[in-house]
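As they're listed, the protein sequences go chains A and B. Following our numbering, the residues of the first sequence are numbered contiguously, the last one being 381. Following our numbering, the residues of the second sequence are numbered contiguously, the last one being 381. Below is one structure, written out as structure tokens; comments come after it.
There are 2 protein chains.
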Amino acid sequence: MTTVVRLWGIILNGLETYGCTDLIESLKGKKPFFICTIATTATCKIPRISGAGANTELMIYTPAGDAEIMVHGKTLCCDVPKTVSDGISVPTPAMITKGVIELTDVPFLIANAGSEINPEVPYISINDEGGGDIRTGHAVIDPEKIFEDAKIIAKEISKSCDYLVIGESIPAGTTTALGVLTALGYDASFKVSGSSPENPHELKMDVVHEGISKSDIRIGDFSPFDAVKTVGDPMIPAVAGMVIGSEVPVILAGGTQMAAVCGFIRKLDSDFDFSNVCLGTTTYVARDETSDLVDLISQVGEITVNVVDPYFERSENEGLKNYLKGFVKEGVGAGGAILMALLLGYSIDDVREKIEEILELNG
Amino acid sequence: MTTVVRLWGIILNGLETYGCTDLIESLKGKKPFFICTIATTATCKIPRISGAGANTELMIYTPAGDAEIMVHGKTLCCDVPKTVSDGISVPTPAMITKGVIELTDVPFLIANAGSEINPEVPYISINDEGGGDIRTGHAVIDPEKIFEDAKIIAKEISKSCDYLVIGESIPAGTTTALGVLTALGYDASFKVSGSSPENPHELKMDVVHEGISKSDIRIGDFSPFDAVKTVGDPMIPAVAGMVIGSEVPVILAGGTQMAAVCGFIRKLDSDFDFSNVCLGTTTYVARDETSDLVDLISQVGEITVNVVDPYFERSENEGLKNYLKGFVKEGVGAGGAILMALLLGYSIDDVREKIEEILELNG
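In structure tokens, the structure reads:
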């Protein structure tokens, strides 16, 4: 990972901020609204590309299952052991986010940007079609509509809160993030994150380049919407639309996939002012040696990255300790959700204990 | 219409309140969130049953079209002259509600409780199936799920505001309201409202009794959910769920259909406390001699009915004046939306002028 200058250091226990802390300071004690954006692309059916699910066959159910865990504490769409990844017991990050939501009582909604499986929960419907396998060069049919509809949703919800926290659940989402970043001309090779300790960079790059090769457009010449259409996913235009539609600040709750969202916005509007936008992610992403979030973000612009450390090494839950080994790392807005709890005055220990309680009850 | 005692009289210009004004006084200047609940049943395809659409064939498109007008100012799902009812030029109440939303900048979302046609807008998805023709005795497949999912949505959204205002758009909704009220044992004959000057009570009652006759359950013996399953519509359990799920007061924006929602809730929980729930409707419903809102409400319990008079007789728009002749009367939460504007400090003249402006631009 590139060495970064930590400009302001630790401002809250469990939080480090890379960049300017003005925004995050201004959000302390304010009223958030949490939106979890779910989506799929058939890219997740490629063997070994993602660890975000119990196995390759069930991967496509992960976003719907995460939404169900957030709302009901358990999966309904499928009978999946929700704490298993590659045979290793690792609680889904949906449990982390659910823990924060229960602790803080922050209002939250699921936004469906396009998931092959609909969750058995009420949700905001932005798009009802999952994306394709990006190797075909046909990833998302109408990203403009997803973007415009997401703008409308964020505009309305943002009128009722002081800031939005937007997370995502999409398996193989780092591959499609790599696709969009690459198509847009960013240097993203070996820099996107992954949900398992062994980050299959070569496989991800092969998949992306196979998709790009199906298009007549050359790397760097793609418009943001063409990049998504060819090798992206429905989450990226949805969350980008929410950022642009929001009338209040936005915490993008995630890692390198949110870097792709920022990269998309930057190419859409080179003058876009990111001073009311920041990232909130976990230390497991930020310190990951197989990826480079801060470098990706710095290619896009001056965007602050807030990194929370939930100190899972202090947990009695063995599954949570597997996050330290590089499993899962982030997802379902877990990092940004924890950041939100800190901003609301909860301690990082409050958060971890609540997550342990949730796992005890539902694990 | 039954003579009613106006307990508190006019508390704001353009508003009369029948019942206790404590709740409405407490909401002045507070932050609302508006939800427009759309749904259909195939009952609306029965000739002459409803005036809520340009003609019988297009009736099923009305809720989706109303949602599109609210969001985009025009219909997208169908190419319908949106200011025509039975050949008479009458602006849809969606234009009234849109006018209020634009004037007040209140956050709003569309909730789809089950519409045969999906609107081309982002919306909260509670149920994706329209209801059946109630003459079959098979109106709504799973009202319990609609009710439970609507509770979840209202619980979350209510955390972000001081009160909810919930409207509806469902053609032939007074017939299904009559169905549910009748099945539950209320005396609703000749008391539900209608969207045209000639209220086809006999037709509505025939349709309801045909549906009830398909069931083994006798009038008065229906559970609330069985009443909806047999002769109801998806809107009723959705809005009832929202009332019960909300953590803040609720203004039910509508007339006799909202009386059916209250009647449903009363039978579900005989101890339900309605002190944080009231109706907001138009004078065109309240003073309608072909129906009796206040009698229906008084059968359910002590529920305050707030009646706004938009003084459309003062308008230069000839279409709006047709509301005085008994066309449309209410819908898409128009009355409750106007009430919300009054509570936010706008005058009834501000409201009417904004509606005229909206009609000028989009009519």
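Just so it is clear, CB atoms sit at the ideal spot from N, CA and C, and this is done for glycine as well.
Check your understanding: Of all Cβ atoms in chain A, is any one closer than 7 Å to the Cβ of E147(B)?
Key -> no
**Study point:** Alpha-carbon spacing of G32(B) relative to P140(B), whole angstroms
**Key:** 33 Å
**Study point:** Distance, C95(B) Cα to E331(B) Cα
**Key:** 32 Å
Exercise for review: Take the Cβ of S231(B) as the centre, count every other Cβ of all protein chains shown within 10 Å, and call the residue buried at 16 or more, exposed below.
Suggested key: exposed
Point to revise | Neighbour flag for K177(B) against chain A, beta carbons, 7 Å | key: yes
Exercise for review: Check whether the Cβ of T364(B) lies closer than 7 Å to any Cβ atom in chain A.
Suggested key: Note on residue identity: the sequence assigns Tyr, not Thr, to residue 364(B). Chain A, which has no Cβ nearer than 7 Å to the Cβ of Y364(B), makes this no.
Review point. Name the DSSP beta bridge partners of F52(A), please?
Key: F126(A) and V183(A)
Point to revise | Cβ-based neighbour list, Y79(B), same chain, cut-off 8 Å, excluding 5 preceding and 5 following | key: G71, T93, C95, C96, V98 and I135
Practice item. To the nearest angstrom, report how far apart T308(B) and G191(B) are at their CA atoms. Key: 16 Å
Review point. Quick one: Cα of P252(A) to Cα of V210(A), how far?
Key: 18 Å
Check your understanding: Can you list, in chain order, the residues of the region 127 to 159 of chain B whose Cβ is nearer than 9 Å to any Cβ on chain A?
Key -> L127, A129, N130, N136, E138, V139, P140, Y141, I142, S143, I144, N145 and D146
Check your understanding: Given a threshold of 16 other Cβ atoms within 10 Å of its Cβ, counted over all protein chains shown, does G47(A) qualify as buried or as exposed?
Key -> exposed
Check your understanding: For G344(B) versus A271(B), is the C-beta distance shorter than 7 Å?
Key -> no
Check your understanding: Which residue comes first and which comes last in the beta strand (DSSP E) that contains N324(B)?
Key -> T322 to V326
Exercise for review: Give the residues from the region 324 to 357 of chain A that approach chain B closer than 7 Å (Cβ to any Cβ), ordered along the chain.
Suggested key: none
Check your understanding: Short check: CB of F146(B) to CB of A60(B), under 7 Å?
Key -> Going by the sequence as given, residue 146(B) is Asp instead of Phe. No, they are not a contact pair.
**Study point:** Where the alpha helix (DSSP H) containing E228(A) begins and where it ends
**Key:** H219 to S231
Exercise for review: Name the one or two DSSP bridge partners that G149(A) has.
Suggested key: T59(A)
Check your understanding: Between the Cα of I4(B) and the Cα atoms of G83(B), V369(B), S333(B) and G319(B), which residue gives the shortest distance?
Key -> Residue 4(B) is absent from the structure shown; chain B starts at 19 and stops at 381.
Point to revise | Residue range of the beta strand (DSSP E) that includes I142(B) | key: Y141 to S143
Check your understanding: For E375(A), which of helix, strand or coil comes out of DSSP?
Key -> helix
Exercise for review: With a threshold of 16 other CB atoms inside 10 Å of the CB of E216(B), please say whether the residue is buried or exposed.
Suggested key: exposed
Review point. For E348(B), which of T110(B), I53(B) and P65(B) has the nearest alpha-carbon?
Key: T110(B)
Exercise for review: Find the residues of chain A that neighbour V89(B), judging by a C-beta separation of less than 8 Å, and give them in chain order.
Suggested key: I170
Check your understanding: Counting only beta-carbon atoms, is E320(B) nearer than 7 Å to chain A?
Key -> no
**Study point:** Given Q317(A) as reference, the closest of T274(A), D327(A) and V346(A) once Cα atoms are compared
**Key:** T274(A)
Review point. Can you find a CB in chain B that lies within less than 7 Å of the CB of P81(A)?
Key: no
Practice item. Give the C-beta separation of P267(A) and L41(A) to the nearest angstrom, bearing in mind that I take them to be a contact with Cβ-Cβ under 8 Å. Key: 6 Å
Exercise for review: Identify whether L45(A) lies in helix, strand or coil by the three-state DSSP scheme.
Suggested key: coil
**Study point:** CB of E174(A) within 7 Å of CB of P125(B), strictly
**Key:** yes
Review point. In chain order, what residues of the same chain lie with their CB nearer than 8 Å to the CB of E86(A), ignoring the 5 residues before and after it?
Key: K92, T93, L94, C95, P137, E138 and V139
Point to revise | Residue nearest to T115(A) in terms of C-alpha spacing, selected from T122(A), V198(A), A352(A) and L314(A) | key: A352(A)
Check your understanding: the ligand ATP heavy atoms versus the CB of E43(B): any closer than 6 Å?
Key -> In the structure on display, the ligand ATP does not appear, and there are no ligands present to speak of.
Review point. Can you name the residues of chain A whose CB is closer than 8 Å to the CB of E174(B)?
Key: P125, F126 and L127
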